[in-house]
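First comes the structure, then the notes that go with it.
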């Protein structure tokens, strides 16, 4: 590519009138090398060089700088004021000048927005190539030698010949698809057209129209046009097949370049004798449409907060230069005609615009990129911190749930205060507790009934009974201790002794008795076997503690436990059997009956009483099972430590 532009530059002396052999005649050498590269691999897909290292961006701006500087010097030192005396210059020269300015202006913005993005650089490249084509239209409207006009057109066509290849790649990049295999055919035709551009096969004369001199197109121009037409048809076919997957901004890009290509193809009519104004001069229309897509719809977005600020500064410089040129136009208009003023001003402003942009870019972009990397890393660390915090919160919630579940399970086997002591100290200190009321139950005839039941039914029956017992004792402030087979043990006044433990146990016993009587009635009605319950209660001191290391068990020991067990085993079935000690604590609340003495193993004779129901004054139902409000008031006073003076009641 360097050799290509070096040989193109060697055309300059012959254009300016010096008798030097045109170096452009040897352009077939680099073109053959390019063709070989295209044939072996897709030259424009060399991502590492062209895009990841911003090679395409620097190549475009080097090319643009060279062309603009060359044109500026050529206009300033090689263009006679008589050149503007042509009737074809004003106003016909204004559209191509505006198109050149618009294409270059927009290419600078697009390329600088994201130098490492393929779509940005391909878009800028396509804009520059269309600008090159329009540049060759400007001298054709000036009063200068046709040889100069021809050489300028040949030089611009060397670059413009690659427009179909670049535009097709741009379209496929916009729709997010890989370039198809047939694009190499477009590339080969582009290289062939570029090789033929400096030859006599590009143009074979010219036509003189009122608005411009137009080259008579030769075979090379037809090759460029045919290649462009093929590219348009293939792009249209691809667009129609994929339009449902293409976003709105990409449609703007594709539409803008299709319009640009159609305007360029329309130039074939005047170049072959049809008196039609060359619509290619109006390239500013698709350029401005593309600019609208870029600015309004973010077709070529720019990432990075600081880079965006850097880009705004660079764009501000571009706009400032454009405004300055517009403001300066009336002053230069005093010395030159409208067309001459516009052309000179354009040729002066474009290099300045490019220089200003590059200065801002070179000074601000590296710093902006470093800052954006810092911002990115900071955001990344913040995101990681947020994720870690979120994970920590989730883990904390799970740990809290596990802790609550563990505590719930612990409370199922231990009283609350005992569980708290175990969690805090890792062990529980055994303690002696006064006024504990122990309650035992046992099913009479359990073995006989169980023999006629399968294992599943037996377990379900026991579970149903013990579940009801659990709910009853929980309502009456008792603590479940254990079940052994069909035996159920619980106690009131744990883990701290209370003055109401005997009352609580008797209330619970009445509920259990009522439940078992209802169950017996249902079973009898259905003709099913049923269990009957023996229930014994005794009140006294116990020793309480936790035994075991892996499977904790809260238990109580002492003579009180043994006596309560004797009350149950020696008690009458279906009755609530209580000891003398318990009777003394509950006799004012419940209707009781002295049964007599029973013999207790290793205990001698023990007085036993039946608890039948609540006394009427304390009961809210006729059966004496549920306490009333008056009972609750008296109960509350006892709980709070009041000494009650009871009246003798029969």
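In full-length UniProt numbering, the protein residues as written are 1 to 650. Ideal placement from N, C-alpha and C gives every residue a C-beta, glycine not left out.
Assignment of residue 591 by DSSP, reduced to helix, strand and coil, places it in the strand class. Between the alpha carbons of residue 274 and residue 267 lies a gap of roughly 10 angstroms.
One alpha carbon belongs to residue 183, the other to residue 150, and they sit about 30 angstroms apart. Counting only the Cα atoms, residue 573 lies some 13 angstroms from residue 611.
Contact annotation: the stretch 401 to 408 does not touch the stretch 454 to 474, with fewer than three C-beta pairs closer than 8 angstroms. Residue pairing by DSSP places residue 608 opposite 579 and 596 in a beta bridge.
Where residue 120 is concerned, the enclosing alpha helix (DSSP H) starts and stops at 118 to 135.
Assignment of residue 394 by DSSP, reduced to helix, strand and coil, places it in the helix class. The beta carbon of residue 625 lies closer than 6 angstroms to those of 510 and 514 in the same chain, with the five residues before and after it left out. Put simply, of 136, 110, 121 and 122 the residue whose alpha carbon is nearest the alpha carbon of residue 100 is 136. For residue 429, the three-state secondary structure derived from DSSP is coil. Counting C-beta atoms within 10 angstroms of its own C-beta, residue 495 has 16 or more neighbours from the protein chains shown and is therefore classed as buried. Counting the other Cβ atoms within 10 Å of the Cβ of residue 253 gives 16 or more, which makes it buried.
Contact between residue 134 and residue 280 holds, since their C-beta atoms are separated by about 7 angstroms, short of 8 angstroms. Nearest to residue 488 by alpha-carbon distance, out of 431, 561 and 398, is 561.
With fewer than 16 other CB atoms across the displayed protein chains lying within 10 angstroms of its CB, residue 147 is exposed. With 16 or more neighbouring CB atoms inside 10 Å of its own CB, residue 142 falls in the buried class. Between the alpha carbons of residue 630 and residue 618 lies a distance of about 6 angstroms. Per DSSP, residue 211 lies in no beta strand (DSSP E) and is assigned neither H nor E. Using a C-beta cut-off of 8 angstroms, the stretch 202 to 215 makes no contact with the stretch 169 to 182, since fewer than three inter-stretch Cβ pairs fall below that distance. Cβ-Cβ separation between residue 553 and residue 439: approximately 18 angstroms, too far for a contact (criterion under 8 angstroms).
Residue nearest to residue 462 within the set 485, 452, 445 and 444 is 485 (criterion: CA-CA distance). Taking a cut-off of 8 angstroms for Cβ pairs, the stretch 431 to 446 and the stretch 533 to 544 touch, as three or more such pairs fall below it. A direct Cα-to-Cα measurement between residue 576 and residue 542 gives close to 22 angstroms. In the structure shown, residue 491 falls within a strand segment according to DSSP collapsed to helix, strand and coil. In the DSSP secondary-structure assignment, residue 627 is bridged to 619.
Residue 556 is bridged by DSSP to 544.
In this structure, the alpha-carbon of residue 435 lies about 11 angstroms from that of residue 503.
Contact between residue 260 and residue 286 holds: their C-beta atoms lie close to 4 angstroms from each other, under 8 angstroms. Shortest Cα-Cα distance from residue 153 to any of 167, 420, 394 and 216 involves 216. Of all alpha-carbon atoms in 570, 608 and 397, the one lying nearest the alpha-carbon of residue 579 is that of 608. Listed in chain order, the non-local C-beta contacts of residue 636 below 8 angstroms within the same chain number zero, local neighbours out to five positions each way being set aside. Secondary-structure assignment with DSSP links residue 442 through a beta bridge to 534. Residue 467: member of the alpha helix (DSSP H) spanning 455 to 475, first to last residue. With respect to the 9 angstroms criterion, residue 138 and residue 97 are classified as neighbours on the basis of their beta carbons. A residue is called buried when at least 16 other Cβ atoms come within 10 angstroms of its Cβ; residue 395 does not meet this threshold and is exposed.
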